[in-house]
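Visitor: Right, I'll just put the structure down here and ask away after.
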Amino acid sequence: MSDHYCPHCDVAMEETTVTAEGVGDLYVKTKREKGVLKRLGIGDNTSLDAFLCPECGLTQFYADLST
Ligand SMILES: [Zn+2]
Numbered sequence: 228m229s230d231h232y233c234p235h236c237d238v239a240m241e242e243t244t245v246t247a248e249g250v251g252d253l254y255v256k257t258k259r260e261k262g263v264l265k266r267l268g269i270g271d272n273t274s275l276d277a278f279l280c281p282e283c284g285l286t287q288f289y290a291d292l293s294t
């Protein structure tokens, strides 16, 4: 289901969950009012999707831009 590929191994990365247990979900926090992130629609608490490479373990985060 993943359309993300590891830049090192060129294999499909698995969506996974990264948590800070007891703290809550990870999210992107932005404070800038006029930054490029704001123009892209990324708000204060944008959640992150994590994708893990099964070959080398590289984990990438993607901010959820659909909300
Ligand atoms: Zn890899």
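To convert a position in the sequence shown, counted from 1, into this note's numbering, add 227.
Virtual Cβ for every residue (Gly too), placed ideally from N, Cα, C.
Being a predicted model, the structure only gives us computed values, none of them experimental.
Quick one: grab the DSSP three-state call for L276.
Guide: By 1-based counting over the sequence shown, the position of residue 276 is 49. Leu is not the amino acid found at residue 276; the sequence shown has Asp there. Strand, per DSSP.
Visitor: Helix, strand or coil for E241, going by three-state DSSP, please let me know.
Guide: For this step, residue 241 is matched to residue 14 along the sequence shown. Reduced to three states, the DSSP call for E241 is strand.
Visitor: Which residues mark the beginning and the end of the beta strand (DSSP E) in which Y289 is found?
Guide: For the purposes of this step, residue 289 is identified with residue 62 of the sequence shown, where counting begins at 1. Its beta strand (DSSP E) spans residues T286 to A290.
Visitor: Determine the extent of the beta strand (DSSP E) in which Y254 is found, giving its start and end residues.
Guide: Counting from one through the sequence shown, the residue named residue 254 turns up at place 27. Per DSSP, Y254 belongs to the beta strand (DSSP E) from Y254 to K256.
Visitor: Using the rule of at least 16 other Cβ atoms within 10 Å of the residue's Cβ for burial, across every protein chain shown, is L292 buried or exposed?
Guide: Your numbering for residue 292 matches position 65 in the sequence shown. The residue is exposed, with fewer than 16 neighbouring Cβ atoms inside 10 Å.
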